[in-house]
Structure formats: C-alpha cells, structure tokens
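Structure record follows, encoded as structure tokens.
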C-alpha cells in the first residue's frame, strides 16, 4: 500500500526568540498542497518573499543552517525541519516575521508538541520518497567526518560524536525507524562548550540564549569568579558545574543527549534534499556544513537519475486504462493526427500512453518512403497528446477544454523509431498545475531504450476561449 503525502490539519502559530538575534519572532505553520515541500515566507518583508528548503539555497552553516532565496533569508531552521521530517509531514508553508526560527528550548520538542496538537491530514498524492540506490559517501578527512547513505526499505539513522573531550567523550545515538523520532530524539537540546559560549558572547551572538535552551559542556577548570560572571550575564543568582561536567542550569534528558541532538540536527538538515528519504544513514562527527554537503551529494544523485527515473518497462499488451475510443472522448484529435492508441496508467502526477507505429500510416508515403523513419516532430506530438490526457484529467468535462502547448525544451532524439515499433510515453508533472499551466517531463521508450525525451509546458483553456483567440 502506497503511503500518502501529508499536510497539517490547520494552521498554528509558535512564538519565541531567535537564539542569535535575541528578537521575538512568530512562525505560523500552514497547510500546503501536494508536492509543495517546506517553504518559508518572510511576511515582515516587502512582497513577502518565499524561500524553499533546498540544499541549493543554503547560504551559511556557521552557527546553524541558513537558507536564502528571493533576497530573503531564514536561519536556524534545522530543529523545525527535524520536527516536520520526524512527524512525516510533507507539505507546509511557514510564515515567519523575522530572520530566525525561534530557538524555544533548543530542541524540536516544542514544534513536535504543537504539530501533534493539530494533527495531520493525508493528501491524494503518494509520498515521493527518494530511495537510496547504492552507497553514497561523504568524507572530510581534516575534521574526521564520515557519512554514508545505504539502501534500506525504511529509515534508519546512526550517529557518533567524538570531540576529544574528557567530559563529553565519544557518544552514539540511533533510531531504527522514523516513528521513534518524537519520543526518543525530539527532546534533545543543542549543546556547546564553555569556551564557545564565551566566544559567542564576546562576538555579541546568542542574544537569545538564556541557559534554558542549551547544554553547556565545561571542558576546563572554571573559577568561582568566572561562574559568578556567567550567572550575572544570564540573570541568575548563581551557577555551578554539575557532576556530568556541564553547567548545572539544566539536567540532561538523556545520558547521550548531545549525540541525540546531533542526530536531530542531521535529520533536519537532510530535509534540504527536498524529499523524504528511504535509507540507512550513518554519520561520524557530523556538523551543519558536512550535513549540507552530504545533502547536496544526495541531491546530485537525484538529478543524475532524473532522466532515468522514468525508465520503467511497461507491457504494451497490458489491459489499457483508456482505449482509442475513450481517448477520443477526451482529446479533440482525430485520425490521421491522433497519435495515442492507449493509456496504460494515469495518476494525479503522471500518465503513460502508447503509440503503435505502422507502415500503413499516411505520413510514410512522403517521409523517407525508401527508408521509413517515424519523424521526431511527431514523436513530440504523440508525447504532448499523452501529456494532454494528464492535464485534462484535472478538469471536469475535459471534452470542453483544450491543452495548448506553450513551450518545448531540452528535446533529445536518441534512437530511430521505425514501422513496427511501439513507443510508450510517460509524462510526469514537474510541479503542481498552477493557474492552468502544467510543466511536464516526457520520456518515450521502445522496449528498454529511451528514444526521445523533452520538457513540455501546456495551458488548459476552454474550447470557446481558444476559438475566440
């Protein structure tokens, strides 16, 4: 059974302060349509620019993950992203009235709690998992970072940290299923070393830090005067070092809370791939920069496969979803210009059609009669008609509409098509149809061989409108 995409049932607002800016900020999570993924909208800026959560939009990883697009930025997105991924929510619009996601308690738990209160709703489209096809490695020898994504029909994560610190030492954390995230990982808070805290304070950062949203690891001898100074900075009467080697401002929620938080960060950062993942991820000494680099590697593999992902072998003799007569009830084309004989599959996002190429077609009387080849331009036409079925399936009474093609790009003809061949076309939506405009990727195959591919843009218009124009 296919898993459906999810969005949240209703909108919800969450307020707090930014860790580094110290300024109040409110985020409002809103339901979003299928294939939307995660997008921020800076409602405090002119024209309210949106920013897609995507590895290509990462602009900084120095103290968290920052994304930028359309002249706007949002920083420290990883804890919120981890909550969405961990709750298996696919599509959300996030309105934000400042440049930084609120830090809350330094974990994903407040976001998880808020989302669980309103719940989610299944959508019509299947979840678009990226299934790791083979081992994908990322290493950074200077930082001793090692990461690998391995094939697995599920979601498993293993993380190891080692800061060469006598206090923190080496720690491991893992989940064997994404369902474990809310209970076992979400509550793990961010952490830093005392010397980092001092540096951040000197550089006028962590203005929103109040010692309730971070574990501070004490990796050196600290005098009573230094502790009194820290207590004063954070408006506390006193502060000391707990037996675990951390400031006693908070108690650990898990013995290996730092490792669990690194796992949380990585789950959030891998949302930058742009799709939910199926696979086993193992990481040693990860950080935001390495996480982003790893996400970019996975995304590059997706792009590499994009042209091949449609290469599914269809049986031309399988019972059709629509035969020629049914197709003529949808498309206005008629012989000799009806180029689709059968529709084999049709979903909200893709269509598969079939064209039998025969020698008795009129075109072969004048097109290379001594060496008959099915013309490339007619292959594109057949592909476009197949895509037209997909587009028209989204409107009521499709016989009252036409699909007019606005653009054909990146058309490539990879092999001859001859009489006796059967071309199977698959057209996939590249993004949801908006304002009657559809963008599709089309691939034509004879047997196991791709013979043609192209990107198409079409517009849905009413028959009377097209006649008037």
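Numbering (the numbering used here), first residue to last: 470 to 938. Where a beta carbon is used, it is the ideal one built from N, C-alpha and C, also for glycine.
If you compare alpha carbons, which of the options is closest to residue i?
i: residue 861; options: 843, 820 and 841; result: 820
i: residue 532; options: 548, 539, 657 and 866; result: 548
i: residue 503; options: 570, 522, 592 and 876; result: 592
i: residue 642; options: 728, 925 and 856; result: 728
i: residue 754; options: 886, 550 and 735; result: 735
i: residue 523; options: 508, 805 and 517; result: 508
i: residue 751; options: 731, 486 and 878; result: 731
i: residue 756; options: 491, 530, 477 and 520; result: 530
i: residue 550; options: 578, 528 and 538; result: 578
i: residue 517; options: 749, 553 and 562; result: 562
i: residue 825; options: 879, 765 and 887; result: 887
i: residue 865; options: 847, 930 and 878; result: 930
i: residue 653; options: 608, 726 and 605; result: 726
i: residue 492; options: 572, 501, 476 and 552; result: 572
Helix, strand or coil: which one does DSSP assign to residue i?
i: residue 909; result: strand
i: residue 869; result: helix
i: residue 554; result: helix
i: residue 420; result: Here the chain has residues from 470 to 938 only, and residue 420 is not among them.
i: residue 822; result: strand
i: residue 749; result: strand
i: residue 789; result: coil
i: residue 641; result: strand
i: residue 486; result: strand
i: residue 804; result: coil
i: residue 836; result: coil
i: residue 603; result: coil
i: residue 513; result: coil
i: residue 688; result: coil
i: residue 881; result: strand
i: residue 781; result: coil
i: residue 647; result: helix
i: residue 697; result: helix
i: residue 609; result: strand
i: residue 919; result: strand
i: residue 549; result: helix
i: residue 708; result: coil
Is residue i near the ligand GDP, judged by its Cβ being under 7 Å from some heavy atom?
i: residue 929; result: The ligand GDP is not part of this structure, which contains no ligands at all.
Where do the N-terminal and C-terminal ends of the alpha helix (DSSP H) with residue i fall, by residue?
i: residue 797; result: 793–797
i: residue 730; result: 726–738
i: residue 653; result: 650–653
Short of 6 Å in beta carbon distance, which residues of its chain neighbour residue i, apart from the five on each side in sequence? Order them along the chain.
i: residue 564; result: 497, 510 and 512
i: residue 845; result: 882
i: residue 779; result: Here the model assigns residue 779 a pLDDT of 49, short of 50, so the residue's position is not dependable and the matter cannot be decided.
i: residue 505; result: 560
i: residue 928; result: 873, 875, 905 and 906
i: residue 889; result: none
i: residue 495; result: 482, 484 and 566
Provide the residue(s) that pair with residue i in DSSP beta bridges, ordered along the chain.
i: residue 475; result: 591
i: residue 814; result: 821
i: residue 925; result: 877 and 909
i: residue 541; result: 538
i: residue 529; result: 535
i: residue 569; result: 544
i: residue 624; result: 748
Grab me the residues of residue i's own chain with a C-beta within less than 7 Å of its C-beta, minus the 5 sequence neighbours each way, in chain order.
i: residue 785; result: 823, 891 and 893
i: residue 801; result: 871
i: residue 723; result: 657 and 729
i: residue 611; result: none
i: residue 528; result: 535, 536, 537 and 542
Going by DSSP, what residue range makes up the beta strand (DSSP E) through residue i?
i: residue 615; result: 614–619
i: residue 774; result: Segment 757–775 is the alpha helix (DSSP H) holding residue 774; no beta strand (DSSP E) there.
i: residue 855; result: Counting along the chain, residue 855 falls outside any beta strand (DSSP E), though it belongs to the alpha helix (DSSP H) covering 845–861.
i: residue 634; result: No beta strand (DSSP E) holds residue 634; DSSP gives it neither H nor E.
i: residue 564; result: 561–565
i: residue 895; result: 891–898
i: residue 499; result: 493–500
i: residue 521; result: 519–521
Using a Cβ-Cβ cut-off of 8 Å (strictly less than) and excluding sequence neighbours within five positions of residue i, which residues of its own chain qualify?
i: residue 858; result: 791, 796, 799, 800, 809, 812, 815, 820 and 822
i: residue 585; result: 556 and 651
i: residue 884; result: 915, 918, 919 and 920
i: residue 700; result: 706, 707 and 708
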